[in-house]
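In terms of the numbering used here, the sequence shown has 101 at position 95, counting the first letter as 1, and numbering is strictly consecutive.
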Amino acid sequence: MTGAPPRATTTAGWRVRSEQATLALVSAVAVGLIAGVIAGLHGRGDVAVQVATAKAAAGGAEVVPAPAVVIDPQINRSVVFVVVHGHAVRQPVTAAPPPPGSTTVTVLTGLSPGAVVVVTPPQTLHDGSGVSTTPYSAPAPSTP
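1. How should Ala36 be labelled, buried or exposed, when 16 other C-beta atoms within 10 angstroms of its C-beta is the threshold for buried?
2. Compute the Euclidean distance between the alpha carbons of Leu114 and Ala74, then round it to the nearest angstrom.
3. Grab me the residues of Thr130's own chain with a C-beta within less than 6 Å of its C-beta, minus the 5 sequence neighbours each way, in chain order.
4. Which residue spans inside the segment 63–127 form an unbroken beta strand (DSSP E) run of at least 3?
5. Grab the span of the beta strand (DSSP E) containing Thr130 for me, first residue to last.
6. For the beta strand (DSSP E) that Gly136 lies in, which residues bound it at each end?
7. Taking the straight line between their C-alpha atoms, what separation do you get for Gly120 and Ala60?
8. What distance in whole Å lies between the Cβ atoms of Val70 and Val95, which are believed to be in contact at a cut-off of 8 Å?
9. Using CA coordinates, which residue listed in Ser108, Ala101, Val125 is at the minimum distance from Val89?
10. Taking C-beta to C-beta, are Ala101 and Ser84 nearer than 8 Å?
11. Quick one: Cα of Pro103 to Cα of Ala62, how far?
12. Residue range of the beta strand (DSSP E) that Ala2 falls in?
13. Hey, how far is the Cα of Ile81 from the Cα of Thr140?
14. Which residue wins for smallest C-alpha separation from Tyr142, given the options Val99, Pro106, Thr110, Gly134?
15. Apart from the five residues on each side of it in sequence, which residues of its chain come closer than 6 Å, Cβ to Cβ, to Ser138?
This is the structure:
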């Protein structure tokens with residue numbers, strides 16, 4: 007047996023040379039890495055975001071943290087990103103101007119009661135992006 011090539015047995019019971027087993031493993035890892043890179047290039051994969059639940063206000067309005075309402079330059083309107091089944095959905099809204107120093111905004115139309123909104127949406131977030139969420143913690147008020 008001296009000089010015989012080393013052999014390995016697969017889980018299916020096949021006998022293969024160790025070079026074949028190594029090549030198969032390296033190929034599988036490479037394919038997995040390439041698939042991960044391609045998924046990242048095509049916007050697949052979750053974007054980590056902080057979320058808050060809209061709170062009911064008078065007249066059917068909803069109150070959300072101020073950083074949740076952003077201007078979408080494509081439509082030149084205020085929007086929020088609502089989380090639905092693990093994906094961000096861009097939702098045009100009408101918001102009242104917040105009082106100076108306010109940490110919240112009253113959304114007058116376009117938002118369902120109790121909607122889960124993304125706070126401070128990152129530039130990488132798009133309509134339909136998969137998201138992984140953590141609860142939003144409002145910053146502590148500063149004291150002069």
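Note that CB positions come from ideal geometry on N, CA and C, so glycine has one too.
Short version:
1. Only weak support is given to the placement of Ala36: the predicted model assigns it a pLDDT of 43, under 50, and the value that follows is read from those uncertain coordinates. Ala36 comes out exposed.
2. Spanning the two alpha carbons is a distance of roughly 14 Å.
3. Excluding sequence neighbours, Thr130 sits near Val53.
4. Entirely contained in the segment 63–127, the beta strand (DSSP E) runs reaching 3 residues are, in chain order, 68–71, 76–78, 83–90, 93–98, 110–115, 122–125.
5. Looking at the DSSP string, Thr130 is not in any beta strand (DSSP E), and its letter there is neither H nor E.
6. Gly136 -> beta strand (DSSP E) spans 136–141.
7. In this structure, the CA atom of Gly120 is about 5 Å from the CA atom of Ala60.
8. In fact, because the Cβ distance is near 15 Å, the residues do not count as touching under 8 Å.
9. Answer by Cα proximity: Val125.
10. The beta carbons of Ala101 and Ser84 sit closer together than 8 Å.
11. Approximately 17 Å between the Cα atoms of the pair.
12. There is no way to answer for residue 2, as the model of the chain reaches only from 7 to 150.
13. Approximately 28 Å between the Cα atoms of the pair.
14. Nearest C-alpha to Tyr142: Thr110.
15. Residues of the same chain with a CB within less than 6 Å of the CB of Ser138, apart from the 5 flanking positions on each side, are Asp52, Ala54 in chain order.
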